[in-house]
Amino acid sequence: MGELIVFIIFATVALVSAIGMVLAKNPVYSAIGLLGAMFSIAVLYVLLDAHFVAAVQVIVYAGAVMTLFLFVIMLIGVDNREAYGPAVPAQRIMTAVVSIGLFAAIVLAGRAAWITGSNAFGTPDLNGTIENVSDELFGTWTVVFLSTVMLLTIAALGTIALAYFGTDVPDEEATL
Amino acid sequence: MSIFIEAAIRAVFVFGFLLVTVILLVWVERKFVSDLQNRVGPDRAGPWGILQTLADGMKSFFKESIRPTNVEVALFVAAPIIALMTALLIFMVVPIGAPVEINGTEYALVGADLNVGLLYVLALSSMAVYAIVFAGWASGSKYPLLGSVRASAQMISYEAAMGLSLVPVVLFAGSTSITTIVEQQQGTFLGVFPAWNIVLLPSFVIFLISGFAETNRAPFDLVEAEQEIVGGYHTEYSGFQFALFFLAEYIAVFNISALTAVLFLGGWSGPVFGPAWIAWVWPIGWFLLKTWAIVLFFVWVRASLPRMRYDHLMSFGWKKLIPVSLAWIILVAIAIGIRDFGLPWS
Amino acid sequence: MTLTISWFLILAAALFSIGVAGVLIRRNALVMFMSIELMLNSVNLTFVAVSRELGLIEGQVAALFVMVVAAAEVTIGLAIIVAVFRRKASANVDELAELRG
Amino acid sequence: MTDLLWILIALPLTGAFINIVFGKRIGEPLAGWLGFVLVGSAWAIAVVPTLGLLTGSGTPETIYLFSWIPVVGADAAILWDPLSALLTMIVTGVGALIHLYSIGYMHGDERFARFFGYLNLFIASMLILVLASNYAVMFIGWELVGLSSYLLISFWFKKPSAAAAGKKAFIVNRIGDWGFLVALMIIFASFGTFDFGVIFTTAPVVLTTGAATAITLLLFLGATGKSAQIPLYIWLPDAMEGPTPVSALIHAATMVTAGVFMMARSAVLFELAPISGVTIAVIGGATALLAAVIAVTQMDIKKVLAYSTISQLGYMVMGVGVGAYSAGVFHLSTHAFFKALLFLGAGSVIHGMADEQDMRKMGGLRKAMPVTFVTMTVGWLAISGIFPFSGFWSKDEILAATFQRGGPWLILWAVGILAALLTAFYMTRLYVLTFLGKPRWAEGTEPHESPWTMTLPLAVLAVAAVIFGVFNTPARLAFEHFLEPSFALISHAEPLDLPLAAVLALFALVVAIGGIAWSWFRYNRDELPVEEGGFWQRGLNGFAVDDLYGRVIVEPGKKVCEWFADSVDPKGIDGVSHGIAQGVRTAGDGLKTLQSGQVRSYAGGIAIGAVVLILAVLALGGGF
């Protein structure tokens, strides 16, 4: 019962934050909304006994990704509010229809291939501790893990390249 | 006793402990700096001015909180609270003494013993960035914004170095639980030297340096460099809200000191004397002694070193600290591999 | 009512749909990006929930990999946005509808 | 040990890569030494397993490397048997010596490193060819060898004649390759695989005599291209435009023997086609004789050797044609040594004479170039078939095998004897004109001995040319025993009785000595005989075979090509591609409105597509 309460609270927070993210006019509030959603998801991970993933979720998303977002928002100017008004006719309505249709389709598909609650909640088979996750990560998935290392290195190089080459336009932000 | 009530008691205790500590800490800093600078320092409120911090706190509490016109109200109000919250929450995982036995039950003297304790610390210290970013942005003014952009870049950079410097500690202890790390530092080498993690000297140094940067203390206090950007992110804050930032900063200093003591100087480990009913005090004493030593070191550095230039700060972080940490991680990993699995050819 | 895995999956589906809506409705590149992050997060939630349900740690490992990919993507994506902003002084994707730099 | 044999190919390939890509930075002497060391190490590595085969401690085997096109039985694998081992030893051994020689010979060339890159590439290609365990891989090696040969012939491509020679070699070889390719197609159609093991064990069951004849004649067409037989021999004399080490390595010792090797490898198939055997033997004999006659009239020292090579290759082909595969391969081995020796010696002479190749302007070089003189003497005696040098044994083997068939084959035997006579004659002519008599040098020429990097290979090859023949004296057929596992699937003729063999050998020896004596007294005098009659002129032109080909094949071919270029290409081919382009353009014009550049409309498309897909899957799977 306690778990259900926690779930309802944080699921609500996640949904509200996510909707807020989409609807907020100011990108900073969008970022805050996403931050809230990510935090709630981290709590839900704890609820699902995935402690390590939860910690990484906070460190990576809240700690690094969202900080970067905010950094960039501030770098390129927060007052740059987008002009509203649909580019495609009836865009909002179409968007609403498509999103709700997608949600319905996913739920329908899920119902067709639903997970058959084999584990009653509260009796976890596994514990998402660092030891358990890392056994799997460095055992079965070593090669994949190493390739993500490559991926990150390449991403870092690409970012540096983008920042270095392409400064032919005079820019005032670089002096920050 | 219900688990919720126990948790609440622990939280209240941690909060109170930190509050008292900070009041002391501000006074100690001012006194110590003035001694180093051949000044007298505060000496009016109470004996040796010991009540000065309380007086300042009262003053700011009753002062009017001025709110400039074009602030984003919600974030402007939330920022100092976030700052204080993260600072308080970090201390939750720091063990301040050996486990104590009351009525046959053993209680760990720690807010919460998490198996991902160190990750928790890193996660929360990355949260601390948001307080500064939000404060700077919500102020709707140029200098706070500049200060917060500086702050976010600086803290992200040094957090990477800090996280990397902790990896050898984790490798050494084989756990990310802070309690386990402290227990692993019990005992001695060769019967003489305490078995502290300070043997991981590069890690210790890097952790300490990035601790300065994370708490925006001199010589890395560019975030609030008066000569360039007035007060940085808290330029527009006043009264009680400013006091909250102030409080948060000093708690952060104490947190970093406590973490240094716990992770590298053996935490509460030390010799224990006397009968059983008094013996439990010793570990707490040792912990406080070590922590305050580091705090005094922080103050000493602040009084001694000038502020760094911003580009120097960034290149120092990325081009020196992080490569050194990486090299050190590799060395430690090899050493531990040899310790656990023997030499590769044996 | 008891908490079952379906709750998590429905929540993930809802978050995913909200993310899709964000991509479709917003024209600020940064917000579109955030919506994509939200979609990734909802998929992660599905992974972890199913991992809990089936008792397989692989789901959590997959979530970790998704996070790595997301981190890489954010790095590059934000760099691109900044680079574009330097040229166009705008983060509005509708103004980028041409093949000229 | 044998599972590391891929290193043999990898080493020269590495050298080729390094020298071609980084050659300019490595610089002059080092690039050459690199090539030499790599090929030399390949030889050293090959020695141990070869000795294993020789002593019987090793067995022939197929070493699987990786899967290439498993469906057609074409995996990258190494067939390690005595035949390939022998060829590997020759290719790497002679190759290494010639690398060493080239360090001296190519001194000062501006594309020094590039040359060694090509040489290494050639060695690697040749090893691929030799070590292949199926026809597909062998064909790759075959083509790579042709490529490196082309690169090396036209190495001095600034000389128009060299460029033309390279082109000619390439095109003429193409005709042979066409034959090889068609043969491969028939083989695949018949067997469904390219794998040697499967083909050779099942061939007697699968192939009819007709099919076997077709395959073998086409394979032989390929061999005439690579091994310079009638009618495709015309590229080899021109190939002498390449640097002399190239002539020695490729156009004497190794590549030209690829055809012989290929036929020996396919011995099982040739056994099934007696008509092909006759054809091959006759063409081989004819080539041997014709080339020998032309060689007699040549004045250029390298041309003489080139025609001599063709003639000797004719011998080998004749040996294969009469079914004496071991004898053919044996002559291939001995020839590799003494012909490489002769070419390198000629190169040394040319080097010492400041690039003079006309024998009329040489003479009396004995004193100026003592080492070259001594080693050339060995080569001369070996090729002339003088006892006990290696050429005597191997040539005699082929002649004996031909004689043994009896009947009409005796004519072929007589042709062979005649060719042997001419061989002794023209080699002596070359020898005498170059080294003996009075100097007839051009003004200002000062012959000098070559550096040690050039003379050392000469000495080593000379030793090999002397002793190698002993391995297969009629009395002690060690060589044949060694090769036996490679030819286990074909029947062997009984060796000749010793007395008869001895008589035949003696007869051949007498013929050779007669040729030498005739030539010696004709040329070893102060006044050179005048050789300007019709025979000599026509011989110098190679009996105008090139002109004949030009008139019969090249000119009509050009006409056909012009017709294609002028009418078929602009109207037919271009019309099709223009039509396709027009269609694509129209379609693009129609579709481009979809690409608005609006990211969100794309995203919307994706989202709608996802919904539709999910619903479709559910509908099809009955999920509702």
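Residue numbers (the working numbering), protein chains in the order written: chain G, 5 to 180; chain L, 734 to 1079; chain B, 47 to 147; chain F, 12 to 635.
Cβ atoms here follow ideal geometry from the backbone N, Cα and C, with glycine treated the same way.
Since we're looking at a predicted model, the values are computed, not measured.
Item, Value
"Within chain F, the residues that residue 73/B reaches when beta carbons sit closer than 8 Å", "611"
"Chain-ordered neighbours of residue 102/G on chain F, where CB pairs are closer than 7 Å", "615, 618, 619 and 622"
"Residue 74/B, DSSP secondary structure in three states", "strand"
"Beta-ladder partner(s) of residue 921/L, from DSSP", "927/L"
"Anticipated Cβ contact below 8 Å, residue 72/B with residue 63/B, distance rounded", "So it is not a contact: roughly 15 Å between Cβ atoms."
"Near-chain L residues of the segment 62-77 of chain G - C-beta to any C-beta below 9 Å", "62, 63, 66, 67, 68, 70, 71, 72, 74, 75 and 77"
"Residue interval of the alpha helix (DSSP H) (run including residue 830/L)", "Per DSSP, residue 830/L belongs to no alpha helix (DSSP H); it is in the beta strand (DSSP E), 830-835."
"Beta-bridge pairing of residue 91/F - partner residues as DSSP gives them", "72/F"
"Range of the contiguous alpha helix (DSSP H) that encloses residue 947/L", "934-947"
"Stretch pair the segment 993-1001 of chain L + the segment 1010-1025 of chain L: three plus CB contacts closer than 8 Å", "yes"
"Proximity to residue 61/G [Cα-Cα], best of 60/B, 50/B, 70/B and 83/B", "83/B"
"8 Å Cβ cutoff, residue 886/L in contact with chain G", "yes"
"First through last residue of the alpha helix (DSSP H) which encompasses residue 993/L", "972-997"
"Where residue 107/G meets chain B, residues with beta-carbon distance less than 7 Å", "59, 60 and 63"
"Minimum Cβ-Cβ distance from residue 134/G to chain L less than 8 Å", "yes"
"Reduced DSSP secondary structure (H/G/I, E/B, other) of residue 168/F", "coil"
"Interface flag, residue 56/G vs chain L, CB-CB below 8 Å", "yes"
"Cβ-Cβ distance between residue 57/B and residue 15/G below 8 Å", "yes"
"C-alpha distance - residue 263/F paired with residue 354/F, whole-angstrom precision", "8 Å"
"C-beta neighbour in chain L for residue 32/G, strict 8 Å", "yes"
"Inter-residue spacing [alpha-carbon to alpha-carbon] between residue 110/B and residue 43/G", "16 Å"
"Integer Cβ distance of residue 141/F from residue 95/F, believed to fall under 8 Å", "5 Å"
"Chain-ordered chain F contacts of residue 110/G [CB-CB under 8 Å]", "625"
"Within 8 Å of chain G by C-beta, residues of the segment 105-126 of chain B in sequence order", "106, 107, 109, 110, 111, 113, 114, 115, 116, 117, 118, 119, 120, 121, 122, 124, 125 and 126"
"Beta carbon of residue 540/F nearer than 8 Å to that of residue 549/F", "no"
"Rounded Cβ spacing between residue 547/F and residue 439/F (contact assumed at less than 8 Å)", "Incorrect: roughly 17 Å between the Cβ atoms, too far for contact."
"Identity of the residues DSSP links to residue 77/F by a beta bridge", "87/F"
"C-beta neighbour in chain B for residue 11/G, strict 8 Å", "yes"
"8 Å Cβ cutoff, residue 113/G in contact with chain F", "yes"
"Candidates 993/L, 869/L and 926/L, of which the one nearest residue 1020/L by Cα", "993/L"
"C-beta neighbour in chain L for residue 59/G, strict 8 Å", "yes"
"Proximity test, Cβ basis, 8 Å: residue 85/B and chain G", "no"
"Buried/exposed call for residue 365/F, threshold 16 Cβ in 10 Å", "exposed"
"Residue 170/F, buried or exposed, once every other Cβ within 10 Å from all chains shown has been counted against 16", "exposed"
"Any C-beta of chain G under 8 Å from that of residue 629/F", "yes"
"Exposure label - residue 31/G; buried when at least 16 CB within 10 Å", "buried"
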